[in-house]
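This report concerns only the one structure given below.
Numbering (the numbering used here), first residue to last: 56 to 221.
Now the structure itself:
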């Protein structure tokens, strides 16, 4: 782990909080170039944009590629609050990102070490260095709080519906 990892993960957490405030799953991502400059940021925007590919990582990678004027992000690091899914892990490989830093694992869709490891699969043409667990407690708490609130809203909507039907 590098000294700057926590600082960049803090920014990813800010973006994740913004996603939550917009009603989307709180995941934030930041792409940093080899010089330590932020060249791309993203947050989950699937619900906002009605786009199944608008994951925080993909949004950040698109912004970084535009910033550099190339799809090849070799030398860059992606910071993300939640372990990437298979789609996002594939995008990291395709864009040649050199390093991935993530906060907490994803037991249901994690494709960078939990369920599979696309980002380090020796059968693929590119592999990333992976650092896990940066600001893990904060990343996990943000997701857990979001889903607790979602379930609570669903229960109150169900109760209200049942009361109005009686």
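Even glycine gets a Cβ: it sits at the ideal position worked out from N, Cα and C. A quick note: this is a predicted structure, and the numbers were derived from the prediction, not measured.
query, result
"Can you give the Cα-Cα distance for residue 75 and residue 183, rounded to whole angstroms?", "28 Å"
"According to DSSP, residue 97 sits in a beta bridge with which residue or residues?", "84"
"Going by the beta-carbon positions, is the gap between residue 134 and residue 63 smaller than 8 Å?", "yes"
"Taking buried to mean at least 16 other C-beta atoms within 10 Å of its own C-beta, is residue 80 buried or exposed?", "buried"
"Classify residue 143 as helix, strand or coil using the three-state DSSP reduction.", "helix"
"For the region 182-199 and the region 131-151, state whether three or more C-beta atom pairs, one from each stretch, are separated by less than 8 Å.", "yes"
"Within the continuous alpha helix (DSSP H) that includes residue 70, where are the two ends?", "60-76"
"Quick check: the region 163-178 against the region 190-201, are there 3 or more CB pairs under 8 Å?", "no"
"Is residue 147 closer than 8 Å to residue 174 when the C-beta atoms are compared?", "yes"
"Pull the bridge partners of residue 135 from the DSSP assignment, please.", "84, 157"
"Would you please state the rounded distance, in angstroms, between the beta carbons of residue 86 and residue 128? I believe it to be under 8 Å.", "7 Å"
"With a 10 Å radius around its C-beta and 16 neighbouring C-beta atoms as the bar for buried, classify residue 201 as buried or exposed.", "buried"
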